[in-house]
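Chemist: Read in order, the letters of the sequence shown correspond to residues -6 to 140 in this note's numbering. I am attaching a structure below and will ask some questions about it afterwards.
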Amino acid sequence: MSNSNNIIILVARILLAFMFIFAGFGKLTDPAGTAGMIAGAGLPASTLLTYLAGTFEFVTGVCVLIGFQVRIIGWLLAAFCVFTGVVFHLPTVNVPDFPAAANGWINGLNFVNFLKNVTLAGAYIMLATNGAGVYSVDARRGVYAAA
């Protein structure tokens, strides 16, 4: 694989890692909003699940950033993106006392988030399939194999 392709993989990893590091950190430092969303989806132990999700997002984001175990992490993040998309962004939202137009707008944005999650799943599958590239911890450990 050419050096320019490895640089592009590094840039892609940085971009893919940013969202999960940022979101995970937010859940760990201010869990209330996410815990409310989890409870609203009918899942139990919303605060515990928030901290678990935040830890998962932060740790996997750092792993993608540094290129550690990305073949495994990529599959885990792809599954996470599909799961959270289906559970939290695909269902219809109806906020009581909101005008119909506002609820329609919220549902439109929610569907865009579902599409974002599915798209990210594809990116993480590609990362899992192709590996972290030569600028990674995996390459230093000798576990990187060119696709």
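Virtual Cβ for every residue (Gly too), placed ideally from N, Cα, C.
1. Taking just the CA atoms, how far does Gly78 sit from Phe107?
2. Mind checking whether Gly54 and Leu21 have CB atoms under 8 angstroms apart?
3. Could you compute how far the alpha carbon of Ala139 sits from the alpha carbon of Ser(-5)?
4. Alpha carbon to alpha carbon, how far is Ala125 from Val75?
5. Helix, strand or coil: how does DSSP classify Met(-6) here?
6. Is Ala34 helix, strand or coil by DSSP?
7. Just reading off the alpha helix (DSSP H) that Asp23 is part of, what are its end residues?
8. Within the continuous alpha helix (DSSP H) that includes Thr53, where are the two ends?
9. Contact between the segment 112 to 122 and the segment 63 to 70 is defined here as three or more beta-carbon pairs at a separation below 8 angstroms; is this criterion met?
10. Output needed for Ala28: all residues of its chain with C-beta closer than 8 angstroms, excluding positions within five of it in sequence on either side, in chain order.
11. Taking only three categories from DSSP, how would you classify Asn110?
12. Excluding the 5 residues preceding and the 5 following Val86 in the sequence, name in chain order all residues of the same chain whose CB lies nearer than 7 angstroms to its CB.
13. In angstroms, rounded to a whole number, what distance separates the CA positions of Val80 and Ala34?
14. Apply the 10 Å Cβ neighbour rule to Leu8 and answer buried if 16 or more other Cβ atoms are within range, or exposed otherwise.
Modeler: Reading it off the structure:
1. Within the sequence shown, the letter at position 114 stands for residue 107. Within the sequence shown, the letter at position 85 stands for residue 78. Across the structure, Phe107 and Gly78 are spaced so that their CA atoms are roughly 5 angstroms apart.
2. Residue mapping note: residue 54 aligns to position 61 of the sequence shown, counting from 1. Residue mapping note: residue 21 aligns to position 28 of the sequence shown, counting from 1. Going by C-beta atoms, Gly54 is not nearer than 8 angstroms to Leu21.
3. Sequence index remark: in the sequence shown, residue 139 carries index 146 (1-based). Sequence index remark: in the sequence shown, residue -5 carries index 2 (1-based). Unreliable positioning characterises Ala139 in this predicted model, as indicated by a pLDDT of 49, which lies under 50. A coordinate reading is not provided.
4. On the sequence shown, residue 125 is found 132 positions in, with the first residue counted as 1. On the sequence shown, residue 75 is found 82 positions in, with the first residue counted as 1. Roughly 21 angstroms between the two C-alpha positions.
5. Residue numbering aside, residue -6 sits at position 1 when the sequence shown is read from its first letter. Coil.
6. The residue given as residue 34 occupies position 41 in the sequence shown. The answer is coil: DSSP assigns Ala34 none of H, G, I, E or B.
7. Within the sequence shown, residue 23 is the residue found at index 30, counting from 1. Unbroken run through Asp23: none, as it is neither H nor E.
8. Here the question's residue 53 lines up with position 60 in the sequence shown. Ser39 to Ile59 is the span of the alpha helix (DSSP H), which, as asked, contains Thr53.
9. The segment 112 to 122 vs the segment 63 to 70: in contact.
10. By one-based count along the sequence shown, residue 28 stands at place 35. Taken in chain order, the residues that qualify are Ser39, Thr40, Leu42 and Thr43.
11. Within the sequence shown, numbered from 1, the residue matching residue 110 stands at position 117. Residue state, collapsed to three classes: helix.
12. As a first step, residue 86 is located in the sequence shown; it is residue number 93 there, counting from the start. Apart from sequence neighbours up to five positions away, the residues of its chain that approach Val86 with a beta-carbon distance below 7 angstroms are Asn96, Ile99, Asn100 and Asn103, ordered along the chain.
13. For this step, residue 80 is matched to residue 87 along the sequence shown. For this step, residue 34 is matched to residue 41 along the sequence shown. Taking the straight line from one Cα to the other gives about 7 angstroms.
14. Here residue 8 refers to the residue found at position 15 when the sequence shown is read from its first residue. By the neighbour-count rule (16 or more Cβ atoms within 10 Å), Leu8 is not buried but exposed.
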